[in-house]
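Take any residue in the sequence shown, note its place counting from 1, add 18, and you have its number in the numbering used here.
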Amino acid sequence: MIKAIELVNFLPHSDTKLEFDENTTVFVGKNGSGKSSIIDAITFSLFGKHTRKNNKSLIRRGTNQGFVKIDFSANGKNYQALRKIDSKGGLAQFSEYVDGKLIPIVEGERKLGLDESMTQQVEKTFGIRWKEIQIASIIRQGEISSIIDKAGKEKKELLNAVIGIDKLDTALRSMGTIQKEFRKSILEKFGYDDTQIPYLENKIIEYRNESKNAQPKLEKLAAEKIEQEELISKLEKQIQDDSSKESHLKELESRKNELIAYSIDVIKSIKREVSEKEEIVKECKPCFALSKNKNEIEEKINKIQKEYVHGESELANLVEKQVRLEEHEELAEKLVLKDGKCPVCDSSVDHLKPLFQKKHIENEIVEIKKKVEQLKDERHAFEQNLEKLSDNLEESKKAETILSTYKIKNELQLDEIIVEIKTKVQQMKKIPLTVNSGQLVEAASLDSHAKTIYENIVSLEKSTKDFDQQEFRKNKESRDYSMRKLSQIDQEYGEISGKIKNAKIELEKLGSTLKELEQVQGYVGELERIQNDVYNRNGPVGKSLRSWALDIISQKASDYLEKFNTAIKRIALSEENTKINTLCYSGKEVHDLESLSGGEKVCVAVAVRLGMSHLLGASNLNFMILDEPTTDLDSERKKDLVNVLSQLTNINENNSPMQFIIITHEAEIFNDSSVENIYEFVKLSKNESKVSRR
19 MIKAIELVNF
29 LPHSDTKLEF
39 DENTTVFVGK
49 NGSGKSSIID
59 AITFSLFGKH
69 TRKNNKSLIR
79 RGTNQGFVKI
89 DFSANGKNYQ
99 ALRKIDSKGG
109 LAQFSEYVDG
119 KLIPIVEGER
129 KLGLDESMTQ
139 QVEKTFGIRW
149 KEIQIASIIR
159 QGEISSIIDK
169 AGKEKKELLN
179 AVIGIDKLDT
189 ALRSMGTIQK
199 EFRKSILEKF
209 GYDDTQIPYL
219 ENKIIEYRNE
229 SKNAQPKLEK
239 LAAEKIEQEE
249 LISKLEKQIQ
259 DDSSKESHLK
269 ELESRKNELI
279 AYSIDVIKSI
289 KREVSEKEEI
299 VKECKPCFAL
309 SKNKNEIEEK
319 INKIQKEYVH
329 GESELANLVE
339 KQVRLEEHEE
349 LAEKLVLKDG
359 KCPVCDSSVD
369 HLKPLFQKKH
379 IENEIVEIKK
389 KVEQLKDERH
399 AFEQNLEKLS
409 DNLEESKKAE
419 TILSTYKIKN
429 ELQLDEIIVE
439 IKTKVQQMKK
449 IPLTVNSGQL
459 VEAASLDSHA
469 KTIYENIVSL
479 EKSTKDFDQQ
489 EFRKNKESRD
499 YSMRKLSQID
509 QEYGEISGKI
519 KNAKIELEKL
529 GSTLKELEQV
539 QGYVGELERI
549 QNDVYNRNGP
559 VGKSLRSWAL
569 DIISQKASDY
579 LEKFNTAIKR
589 IALSEENTKI
599 NTLCYSGKEV
609 HDLESLSGGE
619 KVCVAVAVRL
629 GMSHLLGASN
639 LNFMILDEPT
649 TDLDSERKKD
659 LVNVLSQLTN
669 INENNSPMQF
679 IIITHEAEIF
689 NDSSVENIYE
699 FVKLSKNESK
709 VSRR
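Given below as structure tokens:
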């Protein structure tokens, strides 16, 4: 029950405090005077709900903050709910009166879900949810008869909301989630779930057929494998026997090539040796005569050198004598006899000494010059002869060096070389200029090594006489082909064996899984049965709940109608397919809703709502708000409504009177009523209203 409410800067109320009777409280005033804002104040303070655009729209214009505070009782305890609004968000607080003091239950800034937390706590205190309160306790303008005027299908949905069928929907979704998670766990465990049982059955059939169809192929491949292995074994033995012959054949060819190469090398060697020895003979043959004259030439050179030295000495003396004579000649020109006297001592002489006679000196000089020329000619001759002899000596030394180089000491040794050359030449005449495989016999006569090679060749030819290279190659190709074919057979055999083995494993695995999934299918079937029968809103449980609820509402509504001053004494609500039917009784007579008067409809509607309140366990809430309940009623029906409400205030359920809060602009209808707690609302300005008690 609501005891009091305080509004500060909330909608048009700057500071309004209202106290409520435990019976009926009426708000009267013209439209726009702020009456309906009290509903927003009540719903906002308790549940954080209102009809405005947002919370800031609740703050009175011209101010930046406000609050609403409500005191109420429930289940024998007193509480206070406070919600403040400002630019930052505001504050929310829900408290209980304990020994006259407020003890906070929920408080803090209206952030981080505090609104929801406080709303949940209030719902817990009332024992009813906001959604259900809107149906049972808050009747907005024009909706008083809507609960019975709704179409049958809408009534059913309303009933579902009242009795909490949506909880069945939640349970249904939860059951769906449970099924989904259960299937997910089964899928994670087995790789399949119960929805794939037909698929598994088909897979089992496929694997069985695959294994069955593969067995004949496997047997055929096994026979082919044995056949190829036997053929390969036979070919391998033949190839192994022929491989040594092939090796000998290759060695035979190698030996032939070796003999040919050796023969060619020997021929080249003989030719080279003959050529070298011929060159020795050619160079050494004339050297013996030249080397024999060496001593004679050296003696001649020594003799000529001595004569040359003597001539040079004589020539030097003559040149020196000529110089002296030329000096005497100059003196002789000065020493001329004059009158038979000596030019030096002036003594009388017959003649001068020849040494001082010019003529004599001139003759001497002429003779010396002739002799000098003769000596020069002789010197030239000596030089030419000496040069020639030196050349001859050089040739003699060279010849001696050549003989020494070739180690030829005498002509007999050279004659032996000439004989050897003739022998080699005769040998070469017997050997062909080029050696091929058809001339191996001739090549074998070269030397002992060639003969050894030839004998090896003859032996190899005998050992390979019956070897057929083409047949050997054909056998190898056949073996290789058979090995490739065997490899293909092995591969195919392995694949088919693997498939059979895999099919066997899969059959065991799928069989085990199928067995498990059949049990799972039973569990899921049971879950689906529970889901459809228990949690489906149209299932047996849902229908039973609605039937039970309709009986309770019908019974309680009929109880209220019995206490009203109206002809309708009983009401029966029943479900038919997708809709709810409503029948009214006055005695034994049955009436449908369309045949009722306006007042009767109001009585029935109020009784049904009270029946719903009882069903919801609304004794903790114990109040009902009616906003403009007289709209569209004539004056007589308005009086009927007031009478009904007056009667309700006198009806106590479980010693707890029903509290009504009525909002209307028609104050006169309560003039003759028993209602005493009436508040009048007056609009002072656009942004402010005044409230006073009448």
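Just so you know, even glycine gets a beta-carbon here, dropped at the ideal spot from N, CA and C.
- Could I get the ranges of all uninterrupted alpha helix (DSSP H) runs contained in the region 32-66, with 4 residues as the minimum, in chain order? 55-65
- Task: Between the Cα of alanine 22 and those of Gly66, Gln83, Lys87 and Leu504, spot the shortest distance and give me the residue it belongs to.
- Result: Ranking the options by Cα distance to alanine 22, first place goes to Lys87.
- Count the other C-beta atoms from every protein chain shown that fall within 10 angstroms of the C-beta of aspartate 33, then say buried if there are 16 or more, exposed otherwise. Its Cβ having fewer than 16 others within 10 Å, aspartate 33 is exposed.
- Task: Figure out for me which residue from Leu25, Glu150 and Glu141 has the closest Cα to the Cα of serine 631.
- Result: Glu150
- Query: By how many angstroms is the C-alpha of isoleucine 288 removed from the C-alpha of glutamine 445?
  - Reply: 9 Å
- Task: Kindly confirm or deny that the region 117-124 and the region 579-599 touch, where touching means at least three C-beta pairs closer than 8 Å.
- Result: no
- Run of the alpha helix (DSSP H) containing methionine 501, from where it starts to where it stops: 487-548
- Query: With respect to the beta strand (DSSP E) encompassing asparagine 599, which residues constitute its N-terminal and C-terminal limits?
  - Reply: 597-604
- Query: Across which residues does DSSP place asparagine 695 in a beta bridge pair?
  - Reply: Thr43
- Query: Apart from the five residues just before and just after serine 572, which ones in its own chain have a Cβ nearer than 6 Å to its Cβ?
  - Reply: Ile589, Ala590 and Leu591
- Message: Using a Cβ distance threshold of 8 Å, determine whether the region 467-474 contacts the region 252-260, with at least three qualifying pairs required.
- Response: no
- Task: Determine the closest residue to isoleucine 379 out of Lys339, Ala521 and Thr596, with distance taken between C-alpha atoms.
- Result: Lys339
- May I ask you to report which of helix, strand or coil DSSP gives leucine 432? helix
- Query: Under a three-way DSSP split, which group does lysine 318 fall into?
  - Reply: helix
- Query: What are the boundary residues of the alpha helix (DSSP H) that includes serine 631?
  - Reply: 616-633
- alanine 279 burial status per 10 Å Cβ neighbour count (16 or more: buried): exposed
- Task: Go ahead and label alanine 636 buried or exposed: buried means 16 or more other beta carbons lie within 10 angstroms of its beta carbon, across all protein chains shown.
- Result: Model confidence at alanine 636 stands at a pLDDT of 48, short of 50, so the residue's coordinates are unreliable; what they give is reported in the following sentence. Burial call: buried.
- Query: Do you know how far the Cα of glycine 540 is from the Cα of phenylalanine 90?
  - Reply: 53 Å
- Message: Using the three-state DSSP reduction, which class does lysine 146 fall into: helix, strand or coil?
- Response: Checking the displayed sequence, the identity of residue 146 turns out to be isoleucine instead of lysine. Three-state result, isoleucine 146: coil.
- Task: Go ahead and label alanine 241 buried or exposed: buried means 16 or more other beta carbons lie within 10 angstroms of its beta carbon, across all protein chains shown.
- Result: exposed
- Task: Report yes or no: is there a C-beta of chain B within less than 9 Å of the C-beta of lysine 263?
- Result: Reference to chain B is not applicable here, since this structure consists of a single protein chain.
- Query: For proline 304, does the count of other Cβ atoms within 10 angstroms reach 16, so buried, or fall short, so exposed?
  - Reply: exposed
- Task: With a cut-off of 8 Å on the beta carbons, I'd call leucine 601 and valine 608 a contact; round off their distance for me.
- Result: 6 Å
- Message: For glycine 47 and glutamate 141, I'd like the C-alpha separation in whole angstroms.
- Response: 31 Å
- Task: Kindly list the residues whose CB is nearer than 8 Å to the CB of serine 63, restricted to its own chain and excluding five residues on each side of it in sequence; keep chain order.
- Result: If the five residues before and after serine 63 are omitted, its C-beta is found closer than 8 Å to the C-beta atoms of Ile23, Val86, Lys87, Ile88, Ala99, Leu100 and Arg101, all from its own chain and listed in chain order.
- If you draw a straight line from the C-alpha of cysteine 302 to the C-alpha of arginine 397, how long is it? 36 Å
- Report, in whole angstroms, the separation of the C-beta atoms of serine 692 and serine 664, which I expect to be a contact under 8 Å. Contact flag correct, Cβ pair sits at about 5 Å.
- Query: Would you say the region 265-282 touches the region 381-396, given that touching needs at least three Cβ pairs under 8 Å?
  - Reply: no
- Item | Host alpha helix (DSSP H) of tyrosine 472 (start-end) | For tyrosine 472, the enclosing alpha helix (DSSP H) begins and ends at 466-481.
- Is it right to say alanine 567 is buried, meaning 16 or more other beta carbons lie within 10 angstroms of its own, or is it exposed? buried
- Task: For isoleucine 20, write down the residues that DSSP places opposite it in a beta bridge.
- Result: Phe90
- From the DSSP output, read off the bridge partner residues of aspartate 484. For aspartate 484, which the question treats as bridged, DSSP gives no partner whatsoever.
- Please determine, among Glu37, Asn27, Phe688 and His266, the residue with the shortest C-alpha to C-alpha distance to asparagine 480. Here residue 480 is lysine; the residue named in the question, asparagine, does not match the sequence. The shortest C-alpha separation from lysine 480 is found at His266.
- Kindly identify the DSSP beta-bridge partner or partners of asparagine 96. Ser91
- Task: Kindly confirm or deny that the region 46-61 and the region 693-709 touch, where touching means at least three C-beta pairs closer than 8 Å.
- Result: Yes, the region 46-61 touches the region 693-709.
- Item | As assigned by DSSP and simplified to three states, the class of aspartate 569 | helix
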